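A.B. asks: Those sequence lines, one after another, are chains B and C.
Residue numbering for the first sequence is 1 to 115, as defined by the numbering used here.
Residue numbering for the second sequence is 1001 to 1114, as defined by the numbering used here.
Cβ coordinates follow ideal geometry from the N, Cα and C atoms, glycine included.
Keep in mind it's a predicted model, so treat the numbers as computed, not measured.
Dropping the structure in here first, questions after.
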Amino acid sequence: QQQVKQSPQSLIVQKGGISIINCAYENTAFDYFPWYQQFPGKGPALLIAIRPDVSEKKEGRFTISFNKSAKQFSLHIMDSQPGDSATYFCAANGAKGGGADGLTFGKGTHLIIQP
Amino acid sequence: DSGVTQTPKHLITATGQRVTLRCSPRSGDLSVYWYQQSLDQGLQFLIHYYNGEERAKGNILERFSAQQFPDLHSELNLSSLELGDSALYFCASSLGGSSYNEQFFGPGTRLTVL
């Protein structure tokens, strides 16, 4: 059972454009939603995270939008740059309370920013 | 560089064998998580240790086991290896026992089972 569904699988955006990646979750006990960025040959690195008590969080060019009623959240990358080309994973946690469980990840989005 | 180290970087072995993957967390971090990344299953949580104690289990097979030592480094043991165990294995560390703490991922160990 895939608890976090991510789309699209791959995305090509022109330099300077907005990249949008969407995720949907099923478990209403999730209460922590991070996004990770992974470059080839590297481990994932935390980009930005949000808790359900806010609908939006912005850090630089990266914004998370969160819709609790729809159980959806998305990552927007403004002014996308070739250096943003990477695989992006949404994730969720908190399902069993206490947050001791590991993260549940989406399948990932391979983002390519064309110069 | 996340500060998390994993050894070895690459491991090639045969079916039925046993291997040990090693992880050293960032200085000061008490939690270690293990994840498996494969093309078909994606990134999956295996197990979480906090200050030497097992805290949570995810999709970890019975053939796999882990431990965290007093110096906080951790080892993931994979036995009776099958072709399907070929994957990237990541460990991540965080300061506290809650996964609301940021998890810092190591560079991974690529396991190939022939």
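Hey, is the stretch 1065-1080 of chain C in contact with the stretch 1094-1101 of chain C, meaning 3+ C-beta pairs nearer than 8 Å?
C.D. replies: Not touching, per the Cβ criterion.
A.B. asks: Taking the C-alpha atoms as reference points, what is the distance between alanine 91 of chain B and proline 44 of chain B?
C.D. replies: Going from the Cα of alanine 91 of chain B to the Cα of proline 44 of chain B covers about 11 Å.
A.B. asks: Which residue wins for smallest C-alpha separation from proline 1025 of chain C, given the options C:Arg1018, C:Asn1051 and C:Ala1087?
C.D. replies: Considering only alpha carbons, the answer is C:Asn1051.
A.B. asks: Which runs of the beta strand (DSSP E) fall wholly inside the stretch 47-95 of chain B and span at least 3 residues, in chain order?
C.D. replies: Within the stretch 47-95 of chain B, the complete beta strand (DSSP E) runs of at least 3 residues are 56-59, 62-67, 72-77 and 86-92.
A.B. asks: Starting from arginine 1055 of chain C, trace the beta strand (DSSP E) both ways and give me its first and last residue.
C.D. replies: Element bounds for arginine 1055 of chain C: 1053-1057.
A.B. asks: Report, in whole angstroms, the separation of the C-beta atoms of isoleucine 113 of chain B and serine 74 of chain B, which I expect to be a contact under 8 Å.
C.D. replies: 18 Å between Cβ atoms; not a contact.
A.B. asks: Taking phenylalanine 1045 of chain C as the reference, which of C:Glu1053, C:Leu1039 and C:Lys1057 has the closest Cα?
C.D. replies: Nearest of C:Glu1053, C:Leu1039 and C:Lys1057 to phenylalanine 1045 of chain C, Cα basis: C:Lys1057.
A.B. asks: Exposed or buried, tyrosine 12 of chain B, counting other C-beta atoms within 10 Å across all chains shown (16 or more means buried)?
C.D. replies: In the sequence as presented, tyrosine is not what sits at residue 12 of chain B; that position holds isoleucine. Flag for isoleucine 12 of chain B reads exposed.
A.B. asks: In the DSSP assignment, the beta strand (DSSP E) including serine 1093 of chain C goes from what residue to what residue?
C.D. replies: Its beta strand (DSSP E) spans residues 1087-1094.
A.B. asks: Check each residue of the stretch 1043-1067 of chain C: if its Cβ is closer than 7 Å to any Cβ of chain B, include it; give the result in chain order.
C.D. replies: So the list reads Leu1043, Phe1045, His1048, Arg1055, Ala1056 and Gly1058, given in the order they occur along the chain.
A.B. asks: Determine, using beta carbons only, whether lysine 15 of chain B and proline 1107 of chain C come nearer to each other than 8 Å.
C.D. replies: The answer is no: Cβ separation not under 8 Å.
A.B. asks: Establish whether the CB of lysine 42 of chain B and some CB of chain C are separated by less than 8 Å.
C.D. replies: At least one chain C Cβ lies under 8 Å of lysine 42 of chain B.
A.B. asks: Just the C-alpha distance for isoleucine 77 of chain B and cysteine 1023 of chain C, rounded to the nearest angstrom, thanks.
C.D. replies: So the two alpha carbons sit approximately 32 Å from each other.
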